[in-house]
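Trainee: In the working numbering, the protein residues as written are 1446 to 1819. Every residue gets a Cβ at the ideal spot worked out from N, C-alpha and C, and that includes glycine. Nothing here was measured: the structure is a model prediction, and the numbers come from that model. Please read through the structure below; I'll follow up with questions.
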């Protein structure tokens, strides 16, 4: 059954395909019908793959809890292809809506969650040695998606004529550029041993790590200026700002993985490894710096200003940084031979897991209310 493309003289949703099962469906339109109505699918947020990324961060923190890790891996193994199918459906059925999202300063960075989710799933599979033959393909897919999404988004931001100011155009989701880049570095360190410490993959890991750090320094400068010199209300202190910390946490995690690789990376010898250790330490310090400030602003917004805590999809933006900080601290403690930091990671993972549970309950309640309204 043929699926028609969206035309200007047609309504956005047409019953083109006969109903079939989700996995037997011959075209993306049928997948969309199974996963929600036309309005929901057309207006889906580009950042919906962040669910896989958040679970992946928690997974990295819970490696010592084998059962929980397997459960999170199972959840992501199911969620990732489903979300990928939904995204493909939306791209084919509503290309104008996708274009409108990717040229938007607020929504465009959300597409980078697809890159991070792909790399995170590969890292999870490598941890439990599941489907090792799939890892190079996932790395290639993640790298390819990064090239397409990152450059499309940045080019669109450059040539678009109407641009918002920092107050409305810049938020924490821009740091997904860093998260997506560093996730490729992490997966490359996992794939390299499969090929006997491949020099090209080592170079890819090192290059992605350095590029992610450079992007962070550029973006965090603008963010710090926006925080300190542009008026901020309680409504502006949204959860995605926690990615200020999360982006640096995943950079620390990637740096720790590079140190633990235990061999000369891309020809780096001697002092090169020392530079890597110093830079990773700086990343961990910067990550830790953000936590008290973000916590104080959270208390200011909800306890002092009195803004009630309500579930939104943005709540998951808190889960990722907390889980990633714990994983980064574990890895850094191992790489730097600082075992006392493990206690810090253990405390953080309890907070991250509690946040994950609360967000999951909120998601379930939101879904049930949506079903009841229908």
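Applying the criterion that 16 or more other CB atoms from any shown protein chain within 10 Å of the CB defines a buried residue, is residue 1532 buried or exposed?
Mentor: buried
Trainee: Report the CB separation of residue 1695 from residue 1627 in whole angstroms; it is logged as a contact under 8 angstroms.
Mentor: 4 angstroms
Trainee: Output needed for residue 1811: all residues of its chain with C-beta closer than 7 angstroms, excluding positions within five of it in sequence on either side, in chain order.
Mentor: 1756
Trainee: With a threshold of 8 angstroms on Cβ separation, who are the neighbours of residue 1567 within its own chain once the five nearest residues in sequence on each side are excluded?
Mentor: 1579, 1580, 1583, 1584, 1587, 1632, 1635 and 1636
Trainee: Taking 8 angstroms as the cut-off, does the segment 1793 to 1802 touch the segment 1741 to 1754 (at least 3 CB pairs, one atom from each stretch)?
Mentor: Three or more beta-carbon pairs separated by less than 8 angstroms are not found between the segment 1741 to 1754 and the segment 1793 to 1802, which leaves the two stretches without contact.
Trainee: May I ask which residues mark the beginning and end of the alpha helix (DSSP H) holding residue 1687?
Mentor: First-last for residue 1687: undefined, no H or E at that position.
Trainee: By how many angstroms is the C-alpha of residue 1763 removed from the C-alpha of residue 1754?
Mentor: 13 angstroms
Trainee: Is it buried or exposed for residue 1616, if we count other Cβ within 10 angstroms and need 16 for buried?
Mentor: buried
Trainee: My output table needs one value for residue 1569: the three-state DSSP class, helix, strand or coil.
Mentor: Of the three classes helix, strand and coil, the one that applies to residue 1569 here is helix, per DSSP.
Trainee: Using the Cβ count rule (16 or more neighbours within 10 Å means buried), how would you classify residue 1775?
Mentor: buried
Trainee: Near residue 1659, what residues of its chain come up, given a Cβ to Cβ distance below 8 angstroms and the 5 sequence neighbours on each side ignored?
Mentor: none
Trainee: Can you check which of these residues, 1522, 1667 and 1794, is closest to residue 1612 by C-alpha distance?
Mentor: 1667
Trainee: I believe residue 1664 touches residue 1622 by the beta-carbon criterion, under 8 angstroms. Please report the beta-carbon distance rounded to the nearest angstrom.
Mentor: 7 angstroms
Trainee: In the DSSP assignment, find the alpha helix (DSSP H) that holds residue 1549 and state where it starts and stops.
Mentor: Premise fails: residue 1549 is in no alpha helix (DSSP H) and is neither H nor E.
Trainee: In terms of residue numbering, what span does the alpha helix (DSSP H) encompassing residue 1815 cover?
Mentor: 1786 to 1818
Trainee: Go ahead and pull the three-state DSSP assignment for residue 1751.
Mentor: Here residue 1751 sits in coil by DSSP.
Trainee: Is the number of C-beta pairs between the segment 1544 to 1563 and the segment 1595 to 1607 that are closer than 8 angstroms three or more?
Mentor: yes
Trainee: Would residue 1670 pass as a contact of residue 1693 if the rule is Cβ separation under 8 angstroms?
Mentor: no
Trainee: Within its chain, find whatever has a CB closer than 8 angstroms to the CB of residue 1614; leave out the 5 residues flanking it on each side and keep chain order.
Mentor: 1550, 1551 and 1608
Trainee: Have a look at residue 1838 and residue 1791 and give me their C-alpha separation to the nearest angstrom.
Mentor: The chain is shown only over 1446 to 1819; residue 1838 falls outside these bounds and no answer can be derived.
Trainee: In this structure, how does DSSP classify residue 1643 when only helix, strand and coil are distinguished?
Mentor: coil
Trainee: On the three-state DSSP scale, how would you describe residue 1574?
Mentor: coil
Trainee: In this structure, how does DSSP classify residue 1677 when only helix, strand and coil are distinguished?
Mentor: In the structure shown, residue 1677 sits in coil (DSSP, three-state: anything other than H, G, I, E or B).
Trainee: Hey, residue 1725 and residue 1701 are a contact pair by Cβ (cut 8 angstroms); roughly how many whole angstroms apart?
Mentor: 6 angstroms
Trainee: Give me, in chain order, the residues of the same chain whose beta-carbon lies closer than 6 angstroms to that of residue 1789; leave out the 5 immediate sequence neighbours on both sides.
Mentor: 1774
Trainee: Which of the three DSSP states, helix, strand or coil, is assigned to residue 1736?
Mentor: It is helical.
Trainee: Taking 8 angstroms as the threshold (C-beta atoms), are residue 1530 and residue 1557 in contact?
Mentor: no
Trainee: Using only alpha-carbon positions, find the residue among 1597, 1610, 1688 and 1589 that is nearest to residue 1629.
Mentor: 1589
Trainee: If you run the structure through DSSP and keep just helix, strand and coil, what is residue 1702?
Mentor: helix
Trainee: To the nearest angstrom, how far is the alpha carbon of residue 1719 from that of residue 1592?
Mentor: 30 angstroms
Trainee: Does the beta-carbon of residue 1573 have 16 or more other beta-carbons within 10 angstroms, so that it is buried, or is it exposed?
Mentor: exposed
Trainee: Leaving out the 5 sequence neighbours to the left and right, which residues in its chain are closer than 7 angstroms to residue 1796 when beta-carbon positions are compared?
Mentor: These residues qualify, in order along the chain: 1767.
Trainee: Let me know if residue 1535 comes out buried or exposed under the rule of 16 or more other beta-carbons within 10 Å of its beta-carbon.
Mentor: buried
Trainee: Can you tell me which of 1679, 1625, 1731 and 1794 puts its alpha carbon nearest to the alpha carbon of residue 1402?
Mentor: This structure does not reach residue 1402, given that the chain is present from 1446 up to 1819, and the question cannot be answered.
Trainee: CB-CB under 7 angstroms to residue 1703, same chain, minus the five flanking residues each way: which ones, in chain order?
Mentor: 1634, 1650, 1651, 1654, 1710 and 1721
Trainee: Skipping 5 residues on each side, what residues in its chain have a beta carbon closer than 6 angstroms to that of residue 1485?
Mentor: Caution applies to residue 1485, whose pLDDT of 49 falls short of 50 and renders its modelled position unreliable; the value that the coordinates give is listed next. The answer is none, since no qualifying residue turns up.
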